[in-house]
Amino acid sequence: MVRLPGRERLFAWWKMSRPSQLLLILLVYAVGVVAGTSRGGSLHLTRTTLGAVALVPLAASVHYVNEYADVETDAITERTRFSGGSGALVRTGLPAETALRAAVIALAVGTVATWGASSVGAVTARGTGLLAIVVVLGWAYSVGPRLVARGLGEVTNALLGGLVLPLFGVAVARGPLDAAAVLAFLPFTVYVFANLLATQWPDRRADEGTGKRTLPTRWSTTRLRWAHWLTTGTAFAMFGLFPLADLLPRLVGWACLLLAPAGAVASRRFTRATSPFPSVATMVGLAVVQLLAWALVVLARGGQRFYPPAVLGV
Numbered sequence: 087m088v089r090l091p092g093r094e095r096l097f098a099w100w101k102m103s104r105p106s107q108l109l110l111i112l113l114v115y116a117v118g119v120v121a122g123t124s125r126g127g128s129l130h131l132t133r134t135t136l137g138a139v140a141l142v143p144l145a146a147s148v149h150y151v152n153e154y155a156d157v158e159t160d161a162i163t164e165r166t167r168f169s170g171g172s173g174a175l176v177r178t179g180l181p182a183e184t185a186l187r188a189a190v191i192a193l194a195v196g197t198v199a200t201w202g203a204s205s206v207g208a209v210t211a212r213g214t215g216l217l218a219i220v221v222v223l224g225w226a227y228s229v230g231p232r233l234v235a236r237g238l239g240e241v242t243n244a245l246l247g248g249l250v251l252p253l254f255g256v257a258v259a260r261g262p263l264d265a266a267a268v269l270a271f272l273p274f275t276v277y278v279f280a281n282l283l284a285t286q287w288p289d290r291r292a293d294e295g296t297g298k299r300t301l302p303t304r305w306s307t308t309r310l311r312w313a314h315w316l317t318t319g320t321a322f323a324m325f326g327l328f329p330l331a332d333l334l335p336r337l338v339g340w341a342c343l344l345l346a347p348a349g350a351v352a353s354r355r356f357t358r359a360t361s362p363f364p365s366v367a368t369m370v371g372l373a374v375v376q377l378l379a380w381a382l383v384v385l386a387r388g389g390q391r392f393y394p395p396a397v398l399g400v
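In case it helps, this note's numbering puts the sequence shown at residues 87 to 400.
Right under this line is the structure:
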């Protein structure tokens, strides 16, 4: 067993939690909270904070267990800033069980936090159910059924990151969890899938060598490029058309179209460049734009004499 100073060991745990991804998770959660507020919910600071306190350790447990399951892959992959795991186990020489222990601890902390948030009414039964989906599918991606080895990794992650996370935010805001809520986040979910194609691309050879059946290990480069173009085009088409069918506020859907050129650049560079940065940047940009646009919709519905409803789609 490798002995490391306490500070270095803590740093490894910090890196394996993937802080940048946790921040993105909080961003998408916030999108759901504001969207839920715009549809009859309420923005309650304490409730929103307690929801985040429950969510973060549970999400971290998913990251830790992925580090545990992927230690062999991460050791041989060509790591980029947005793919290949944290690399903390490889760099420090810590055993894989270190990540597994961290996953169990984070899961326990998140479970207690969820119980506490539920006991004071901050997280409803539906919210708790959505968190359970995050944990069960998030862990199943890496261990147990190991969905990533069954060709279901990209779909699972897209549904969790693009749909379940914002729906949890809606639940915390006490917004309606109905078909309209699901459809509101469907365009983003589709683009998250495109982004996952890009983040899996640099790891394809290492994944294939360790039994992971990601789409880049099974599809040809041409098919992957068509899939990225198709999902990107579908996502932005939804952002443009959904407001016409009153499935999204016009401000939200059409503001996201500002990132269509970035999406086109990402599709053009996919498989031609190792780094998935263009796709990641587009996805993060969509999350930020949605957060700001939904916030403006909330403000508009609180003072429509200052904002023309026909323009904002409220």
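All residues carry an ideal CB built from backbone N, CA and C; glycine is no exception.
(request) Using the Cα positions of W380 and I111, report the straight-line distance between them to the nearest angstrom. (result) For W380 and I111, the distance between alpha carbons rounds to 17 Å.
(message) Within the continuous alpha helix (DSSP H) that includes P362, where are the two ends?
(response) Note, P362: premise wrong, no alpha helix (DSSP H); not H, not E.
(message) Taking 9 Å as the threshold (C-beta atoms), are A257 and T134 in contact?
(response) no
(request) Have a look at the DSSP bridge pairing and note the partners of T166. (result) S169
(request) Reducing DSSP to helix, strand and coil, say where A259 ends up. (result) coil
(message) For A321, count the other beta carbons within 10 Å of its own beta carbon; 16 or more makes it buried, fewer makes it exposed. Which is it?
(response) Counting C-beta atoms within 10 angstroms of its own C-beta, A321 has 16 or more neighbours from the protein chains shown and is therefore classed as buried.
(message) Please report the straight-line C-alpha distance between S106 and L113, rounded to a whole angstrom.
(response) Annotation: S106 to L113 spans about 11 Å, alpha carbon to alpha carbon.
(request) Put L345 into one of helix, strand or coil per three-state DSSP. (result) helix
(request) Assuming A182 and Y150 form a contact by the criterion Cβ under 8 Å, report the distance between their Cβ atoms to the nearest whole angstrom. (result) Incorrect: roughly 11 Å between the Cβ atoms, too far for contact.
(message) Less than 9 Å between the C-beta atoms of V278 and A244, yes or no?
(response) yes
(message) What does the alpha-carbon distance come out to for the pair A270 and F328?
(response) The alpha-carbon separation between A270 and F328 amounts to approximately 8 Å.
(request) Provide the residue span of the alpha helix (DSSP H) that contains H149, from first to last. (result) Run containing H149: 131-155, per the alpha helix (DSSP H) assignment.
(message) Along the chain, where does the alpha helix (DSSP H) containing A292 start, and where does it finish?
(response) Residues 290-295.
(request) Pick helix, strand or coil for K101, following the three-state DSSP scheme. (result) helix
(request) Please say whether A185 and V157 have beta carbons closer to each other than 9 Å? (result) yes
(request) Can you grab the Cα-Cα spacing for the pair L382 / R354, in whole Å? (result) Taking the straight line joining both Cα atoms gives about 32 Å.
(request) Leaving aside the five residues before and after M324 along the sequence, list all residues of the same chain whose C-beta is less than 6 Å from its C-beta, in chain order. (result) Once the five neighbours on either side are set aside, the close Cβ partners of M324 are P273.
(message) Check whether the region 205-216 and the region 165-172 touch, using three or more Cβ-Cβ pairs below 8 Å as the test.
(response) no
(message) Please classify R236 as buried or exposed, where buried requires at least 16 neighbouring CB atoms within 10 angstroms.
(response) By the Cβ neighbour-count rule, R236 is exposed, with fewer than 16 other Cβ atoms within 10 Å of its own.
(request) Verify whether the separation of the beta carbon atoms of I387 and A267 is less than 9 Å. (result) Looking at the sequence provided, one finds Arg at residue 387 rather than Ile. No. Outside cutoff.
(message) If I measure Cβ to Cβ from R304 and keep anything under 6 Å in the same chain, skipping five residues before and after, which residues do I get?
(response) Its chain contains no residue whose beta carbon lies nearer than 6 Å to that of R304 once the 5 sequence neighbours on both sides are disregarded.
(message) With a threshold of 8 Å, are at least 3 pairs of Cβ atoms found where one atom belongs to the region 187-206 and the other to the region 238-255?
(response) no
(message) Within 8 Å, do at least three Cβ pairs link the region 331-339 to the region 367-374?
(response) no
(request) In the DSSP assignment, find the unbroken alpha helix (DSSP H) run with V221 in it and report its ends. (result) V221 -> alpha helix (DSSP H) spans 211-228.
(message) Quick check: the Cα distance between M87 and L180, rounded to an integer number of angstroms?
(response) Residue placement at M87 is flagged as unreliable, the pLDDT there being 49, under the threshold of 50; a coordinate-derived value is accordingly withheld.
(message) Quick check on the burial criterion: 16 or more other C-beta atoms within 10 angstroms. Buried or exposed for A194?
(response) exposed
(message) Given this structure, state the Cα-to-Cα distance separating L96 from W312, to the nearest angstrom.
(response) 42 Å
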